[in-house]
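Written below as structure tokens is the structure these notes are about.
Protein chains in written order, with our numbering: chain F, 1 to 400; chain W, 1 to 400; chain V, 1 to 419; chain E, 1 to 419.
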């Protein structure tokens, strides 16, 4: 144990990162878990997607639960966790933001927390768009970063939208117009505002309202309908520039990094919940006149999953700590957490389906919500493989 | 099922490869297994390496069992399996050669079958060195290909030895002299002859006797002492040229391909034996007042190993069939078999040690012979990883 | 029992070594070819109405050539079936749509052949082969999946010697199209669970049979729940002796597993083909990690294909062996790994799904859909037809001879088991 | 019990939350630093004879600062131990060679502290800490490995109230150097196995104790077999009550597992460091498949390191948790995978071994040897100190609350168990 580590172990936050949950985090998680337990049970989420007796074309329904989101965002203050108190936020850190993501992952909650309160908020905080940050922090409006859901930290600045210049009718100064199409955007269907990276000289970030003419959102039949994607077409949509050049780059990278770190925690929560559901089921389900959970074959696999969770938790907490502490190790920490937690969540959800047997293969059981969320989230913000590949540079392990 | 396959299933050998063992092969395997069961039990092999009460420096003993080899080579005719009857061989095919390798793998037999009867014999058959082939086929002498044990099919022609020209005292025509060092050669410590790839204009293959001045073999403390390697120094050693240029290339490739295919079968046999030993042990060993083999955690892992064996057997038999039938699919078949069987053998040996618990970790139990052989053989003739990488070309699956 | 797409193998692969091969075992591929050509010369494959043609083909012993004469076959080696199929296909003859009656062809037919009476064989095999009568399988129950022998559907003998059956079955594909079902029910609750079962053919049109769709995680409903309420089954429709139901059902399940693992296909013919094509078509998606996985999966899939070929060669050589269970375990794992890989390889496209609509396909089709569908549907492969866990138990105990777990349900009458 | 290199952790990590931390818990790093400096000012680290220095350090409460005052500590937070160690090291002071007495420091000491009498603590802890008395552990037997509670070494009470012990123990590291052993023996064969055990300190110099080297697959002999024949143990050397041996031993084993998993190291400090260096030094050996494995292993090793840090933070915060078992499982698996990778990466060099000579190292050293040695030695990591299988059982039952297997040995007197 280095001195730094030892001292940090005694006094959390001093040099070596604290990987535990603070009391405040535990309180926040507890409140959120109560709320979700009452208003976002798996069967509630399933119901929003259309059961056999209900809507048969869930692609045409709105999966986001805006009422629930108001409670989470406003009542619990989760929308403004990352925002300083003086900007109407909670003045918490990325640790708390990650803890919230964990709880939402446990519930596969169909709310735009990740896209709005983490990704978009981080972008806006980076560029210093005070007014919009305040609106988001209060939970009055939600925003989404208009990039493909699969975009990873380190991705090139996307140039699929471009500035088409002010229209002749644009009398007000500073109004720009955007054209182009962005495919597969998460959390945008429920968003009031879009933060749009756009080509131009120089390239920049723009804010576009979703209610205006010239913005068309087309819902996508998504693998994970609890976080439905959409394609967005901009046809001379009025836009407000908020950053350009290097500042826009920085804001985009910060937003994608925050998204990758937060979704790692979300995956951790999801994996934890899958294990919990599976353990509960195999304790109850009897075959061969024994609970199936008494068979060592299953027990050892579940034990291995739990072992994986101890590792995933350390990785996710380290990534959250690095972002909270503005630690230069953050890129590496995010690559570790995103790849490990993503793989583990997929494995946990797959085991959840398998160990539930036939019932886990049905639509009526919520296991598939977790499977689809886990698999989709393992691609969002960069696949596990891509994040591991980035270690070649980050950990000096070059390829052939 | 294609017609070709259907017909082959009815009439083995017709177009689609026969992946079963013929009656002749089963007979041969049975005889060999009896012989090895009597004269090459694991405790016999272990004894040759020096037990705690015996030689404590096994690196200084000779692990090869030359008496056993005489019986296998001569009495059972295994030395000449690949050699046509008219050249004093058994006129069998690579299928039989692979079956013998399987049995020798089961026994981790310290005999130079692979190096002499497969690799060197293939090289000599390719270049048509009739006289030497006959000597090898009769089991009178053994030979080894002087290349590093790790050399894979497709390796560049090694140029570590070079022709130093005839000495002035070399009156007889055709006598060459070689200089240089070849590191990590298998089956050479017991060999009478070496087949040496050498630089020159053009490069070529030479035969060198091991008893002559100018050849020095230094035994290597090897990971697998049942197939001990040595370094060989040539200091103006007298040599006879047997092939040059493209013909030498062809002979080297044929020899390495045969070695890779045969060692895949050896690994199959080794894995099979590890499973057998482990199953026998966990049936007997009682803990918690039950045979440990009644615990599902172990049962499922052993079942998975057996499943792996069904796959490995298909792969090894297909590689053997392709070499026997001079099928153009041979390179792909070898890559599949060598990588799959190698990985499986290592896993089987590792599980064998683990499931034997403490006793499997001791020197006195033969499990470690299998572990060391498996690991070393998974590197010999190219690692599993290298063979899979060659599928990029062979199966048209290019990299980035 | 979940019994999906893997049963769409051609009928020539879909059955196990027959109990009885009276003669014809010396027939060669040439003989079969000659007979088909003679048949085709007499029966125009294009102008003859489809059902007439299929009836004639059955009656000529060219339906499943390894079945006995008089029951659609010639007692020929099973490996020669493909010769007949190929000849008929080349002549443009109508086929019996084997994919539409996979359970009938793959499981019911060999069971009827092995355990049915002469009268039952005559009654059921011909319309089964022609596809006039679709069959389904009523084995699994909500409370009896892996532990199938604990099933609770009761068959009570009435004074006339016939049976009255009540219970609930689940995971029944084709139930909504089937005329007949193979059914296992409990006829004696007072003996240990394996000993109190009997095997029946159930007329799905009988009063008291209700079929409800069961939606699965892919969105569609391949399967059904079947509710059986006081349904009358004539004793003549019992297959095998009273109390022998477990033995007969075990035979049926072995057929299923051999069918799954012994499937024939060309290189890259299975799910790996789609992944390899996507790999070749999208160089921009390649990374070292994905490359390694692509190579590993390709190698494993090709080896599994070779192992399937070897399994069929063993069957043809009369060395049946237990490799069918291994093949099914591998099939399930590879389908899951390959489709998972495919979704990741697809990246942004992998986040889309084609259709969540609840539909009722006759059978699953891995290849008409996107990678997301394959990924989800493949999750069933390690559950349907015997979970991979149950198959590992079978391998461990029956192949490796490992001791069984301490059994708490041994020798206990079924009615006294804890549930 | 195999108990090798993973116990070479510094003593500050090698023990579990003490039963008793009377006071001193408010001490800070600064306080410790001050005390060490005062101590060093009074006791010259260079000129004072080594044993005298160590005795003085112990008596000053600066040996293991989290132990109680009077027993080498100050009742300070355990996390501060490293502050003392670092100060002493910086001053060039002699240390107590913790690697040479790993079992004493990591397992015997916390057990003596938790379960020993005041007299026993006074007698044993000081020479243990200074290294004057080496300890070993006599738990495992040839017939009792995973099922440790079934052990058969018998301790029979003599008329004077002392004990006469006979039996065979195995996997004892340091036995040939040890003055004392912690020993579990059966004092009552007529009760179920867990209830008839007692825990003793055994004087290894007592007549009837015979130590024989046990050669392992690496070629060397770290371990011993210990034959115990009618050895007399005074009742005063019993630790804990008669019949409480299992409870005391469980505490010892928990210490062992926490010690293994909670080890502190810098990034790339463990076995992964050697692999990463080999990777960087040999670009010619790189392939895409090896690269993917290198990246995966590096990531897993770094995450395991973070998980170890988190485990220590939990311990320090008084949330012990069961993560120690997880850490040991991961440690074993990673050591095995990394060393296996290293051998392959080494290629031709991986086919060589450094030395098969039978030697008797005081403890294993992964880093002074080649990859082949590491590969072989790491095979013991999933066996020694509780197999990974047993640890998975513990996690499944004690952490996840999964039901235990049907127990055939429950409530059966030990003497009636099948063997």
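Think of the CB as a built atom: it goes at the ideal place given N, C-alpha and C, for glycine as much as any other residue. Just so we're clear, the structure is a prediction, and the values are computed from it rather than from any experiment.
If you keep only unbroken alpha helix (DSSP H) runs of at least 4 residues inside the region 376 to 403 of chain E, you get 388 to 394.
Contact of residue 221 (chain F) with chain V is assigned, a C-beta pair being separated by under 8 Å. When beta bridges are read from the DSSP output, residue 307 (chain F) appears opposite no residue. By the CB criterion at 8 Å, residue 279 (chain W) and residue 125 (chain V) fall outside the cutoff. Your pair residue 275 (chain F) and residue 309 (chain F) checks out as a contact, with CB atoms roughly 7 Å apart and the cut at 8 Å. When C-beta distances to chain V are compared with 7 Å, the residues of the region 267 to 293 of chain E below that value are 288, 289, 291 and 292, in chain order.
Annotation: the continuous beta strand (DSSP E) that includes residue 169 (chain V) extends over 163 to 169. Approximately 6 Å separates the beta-carbon atoms of residue 109 (chain E) and residue 128 (chain E); this is inside 8 Å, confirming the contact.
The beta carbon of residue 278 (chain E) is closer than 6 Å to those of 345 in its chain, skipping five residues each way along the sequence. If you check each beta-carbon in the region 297 to 312 of chain F against every beta-carbon of chain V, the ones closer than 7 Å belong to 297.
Residues of chain W whose Cβ lies closer than 9 Å to the Cβ of residue 140 (chain E) are, in chain order, 358. Contact between the region 25 to 38 of chain W and the region 362 to 372 of chain F is absent, with fewer than three C-beta pairs closer than 8 Å. In this structure, DSSP gives residue 182 (chain F) an extended state, which the three-state scheme calls strand. Of all alpha-carbon atoms in E:63, E:305 and E:187, the one lying nearest the alpha-carbon of residue 16 (chain F) is that of E:305. Ranked by Cα distance from residue 66 (chain V), the first of V:52, V:89 and V:28 is V:28.
For residue 205 (chain F), the uninterrupted beta strand (DSSP E) run begins and ends at 204 to 209, by DSSP. Across the region 88 to 105 of chain V, no CB contact with chain E closer than 9 Å is found for any residue.
Sorting W:124, W:191, W:161 and W:138 by C-alpha distance to the C-alpha of residue 112 (chain W) places W:191 at the top. Secondary structure at residue 161 (chain F): strand, using DSSP grouped into helix, strand and coil. The DSSP-derived three-state label of residue 176 (chain E) is coil. Contact annotation: in the region 395 to 408 of chain E, residues whose CB is within less than 8 Å of a CB in chain V are 405, 406 and 408. Between the region 338 to 358 of chain W and the region 220 to 228 of chain W, the count of Cβ pairs shorter than 8 Å is below three; the stretches do not touch. Residue 73 (chain V) is bridged by DSSP to V:69. Contact check for residue 149 (chain E) against residue 246 (chain E) passes: the beta carbons are separated by less than 8 Å. With respect to chain W, the C-beta atom of residue 216 (chain E) has a partner C-beta closer than 8 Å. Around the beta-carbon of residue 145 (chain W), 16 or more other beta-carbon atoms lie within 10 Å, marking it buried. Spatial neighbours of residue 121 (chain V) in its own chain (CB-CB distance under 7 Å, excluding positions within 5 residues in sequence) are listed in chain order as 71, 112 and 113.
When beta bridges are read from the DSSP output, residue 210 (chain E) appears opposite E:227.
Think of a sphere of 9 Å around the beta carbon of residue 173 (chain V): no beta carbon from chain F falls inside it, the nearest being about 12 Å out.
Chain F has no Cβ within less than 8 Å of the Cβ of residue 132 (chain V).
Short of 7 Å from the beta carbon of residue 141 (chain F), and not among the five residues preceding or following it, lie these beta carbons of its own chain, in chain order: 135, 192 and 193.
Rounded to the nearest angstrom, the gap between the Cα atoms of residue 416 (chain E) and residue 155 (chain E) is 18 Å. Here residue 199 (chain E) carries a strand assignment [DSSP, helix/strand/coil]. Contact between the region 147 to 166 of chain W and the region 381 to 393 of chain W is present: three or more C-beta pairs spanning the two stretches fall below 8 Å. Within the region 42 to 75 of chain V, no residue places its CB atom closer than 8 Å to a CB of chain W.
In the DSSP assignment, residue 217 (chain E) falls outside any alpha helix (DSSP H), carrying neither H nor E.
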